[in-house]
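Residue numbers (the working numbering): 1 to 473.
Here you go:
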């Protein structure tokens, strides 16, 4: 490695949502840049005009900001756009032709198949010595060495060696003269002074070709680091066609950015002890790219959800209230905007905070407080409103109406007494009352919920539930 300041890059294509694998790569690059006092370069590889969309570019920038990578930090540089460097890509390709490191080729696939007898064999070098110049339809191929090997210095995978005679003379410019991604990527890295390339291992097969291009252009290649693939529970590579992979989707589900960052940092690397929940600053300080493993990293949604629950419970009360805000309004909230009472929510928030694994769960936990009538979940109703439930509701109603103090402890005492009258423990006695009041068998503590809901609304709901039960009898 040279003594040049560390410069890493993250180079996504704006062709879709922000992949969690990309987020992991970005975080590792960010950690290396910041801990070394170097720079993190954001480059948007936008040369696929047919698939690029401005909203995807905005999505990349906002997703990076959500996980703490943003332009306000002095380590951040960019974004640069690959399309704006097209002239340099063409210039580099022509330089390789002029120095004899590349040649023009007019072979078709059909001709290659006819010569080799197979459509699967690589290019056979037929045009190497034909001395062709540029014409529309002729591709420009890089002349790979016939002997020796290309050794890739990889901080994670050691020094894999690739025999040069196994690397075909690959295309660097199409028949219309436009450079291909392979050389554009190298030229951009060279021009931006990139010293380390940290990326997914699906790019490892291209690395010897890129390293040969660096050397042919008279530059020292960067040090490489190829990260292990991320797989699902079936140990299949995460796929946007099959798996939920968009960072935006996880944020929309109510995963906290800090929890996502913590979990993603541990996909392929660990600090060497049993402590997993750590703030990013500590993870950054401990991170070493050389310690990243080579085995596939399992993206365990259940474990991520558990992480998220821990992070939710660690929030200060006011932070939790603020974090819940998106799910307390349209389009998530089923109540009318004017029905929402921030004061009531602040009172109920501590009860909810200890129970949520996802912030999005807050809506179903508190909707009964802000709806005129509870939404009775059918499964909950059938489970709780069995034989004897109507008697519990009818007996609890006058006792609750007569309770002098509408406090949680007094309400609990009423249900205890009603349960004893019917030979029921508290859990059984309160089940029909819970469903009548909240609509569900599971949720926030019942008596605190009843206290917040108020006497009149609780009694109205008990009456409605009893009326429905009587009609079903």
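Backbone N, C-alpha and C fix where the C-beta goes; we use that ideal spot for every residue, glycine too.
Look up residue i in the DSSP assignment and say whether it is helix, strand or coil.
i: residue 196; result: strand
i: residue 4; result: coil
i: residue 172; result: strand
i: residue 224; result: strand
i: residue 201; result: helix
i: residue 422; result: coil
i: residue 387; result: coil
i: residue 280; result: helix
i: residue 103; result: strand
i: residue 343; result: helix
i: residue 230; result: strand
i: residue 361; result: helix
i: residue 72; result: coil
i: residue 149; result: strand
i: residue 135; result: coil
i: residue 20; result: helix
i: residue 287; result: coil
i: residue 248; result: helix
i: residue 10; result: strand
i: residue 158; result: strand
i: residue 311; result: helix
i: residue 166; result: helix
i: residue 461; result: helix
i: residue 240; result: coil
i: residue 28; result: helix
i: residue 77; result: strand
i: residue 370; result: helix
i: residue 297; result: strand
i: residue 271; result: coil
i: residue 409; result: helix
i: residue 51; result: coil
i: residue 304; result: helix
i: residue 430; result: helix
Assuming residue i and residue j form a contact by the criterion Cβ under 8 Å, report the distance between their Cβ atoms to the nearest whole angstrom.
i: residue 280; j: residue 443; result: The pair is not a contact, with the Cβ atoms about 33 Å apart (cut-off 8 Å).
i: residue 358; j: residue 462; result: Not confirmed; about 31 Å, so no contact.
i: residue 411; j: residue 466; result: Rounded, the Cβ-Cβ distance is 18 Å, inconsistent with contact.
i: residue 168; j: residue 123; result: 5 Å
i: residue 254; j: residue 227; result: Residue 254 to residue 227, Cβ: 27 Å. No contact.
i: residue 60; j: residue 14; result: 6 Å
Looking at the secondary structure, which residues open and close the alpha helix (DSSP H) in which residue i lies?
i: residue 40; result: Element bounds for residue 40: not the alpha helix (DSSP H) but the beta strand (DSSP E), 39-44.
i: residue 208; result: 207-216
i: residue 181; result: 181-191
i: residue 54; result: 54-66
i: residue 475; result: Residue 475 is absent from the model: the chain starts at 1 and stops at 473.
i: residue 115; result: 109-116
According to the neighbour-count rule (16 or more other Cβ atoms, all chains shown, within 10 Å of its Cβ), is residue i buried or exposed?
i: residue 121; result: exposed
i: residue 138; result: buried
i: residue 472; result: exposed
i: residue 185; result: buried
i: residue 82; result: buried
i: residue 134; result: exposed
i: residue 451; result: buried
i: residue 218; result: exposed
i: residue 342; result: exposed
i: residue 11; result: buried
i: residue 165; result: exposed
i: residue 288; result: exposed
i: residue 404; result: exposed
i: residue 489; result: The shown model of the chain, from 1 to 473, leaves out residue 489, and the question about it has no answer.
i: residue 434; result: buried
i: residue 284; result: buried
i: residue 221; result: buried
i: residue 1; result: Since pLDDT at residue 1 reaches only 42, below the 50 mark, its modelled position is unreliable, and the value read off the structure follows with that caveat. Exposed.
i: residue 178; result: exposed
i: residue 99; result: exposed
The beta strand (DSSP E) with residue i in it runs from where to where?
i: residue 476; result: In the structure displayed, the chain extends from 1 to 473; residue 476 sits before or after that span and is not available.
i: residue 97; result: Looking at the DSSP string, residue 97 is not in any beta strand (DSSP E); the run it does join, the alpha helix (DSSP H), is 86-98.
i: residue 139; result: 139-142
i: residue 447; result: From DSSP, residue 447 is part of no beta strand (DSSP E) but of the alpha helix (DSSP H) over 446-453.
i: residue 161; result: 161-163
Residue i: beta carbon under 7 Å from a heavy atom of the ligand PLP?
i: residue 439; result: Questions concerning the ligand PLP fall outside what the structure shown contains, since it holds no ligand whatsoever.
Taking 8 Å as the CB-CB limit, is residue i close to chain C?
i: residue 85; result: Annotation note: the requested chain C is absent from the structure, which comprises a single protein chain.
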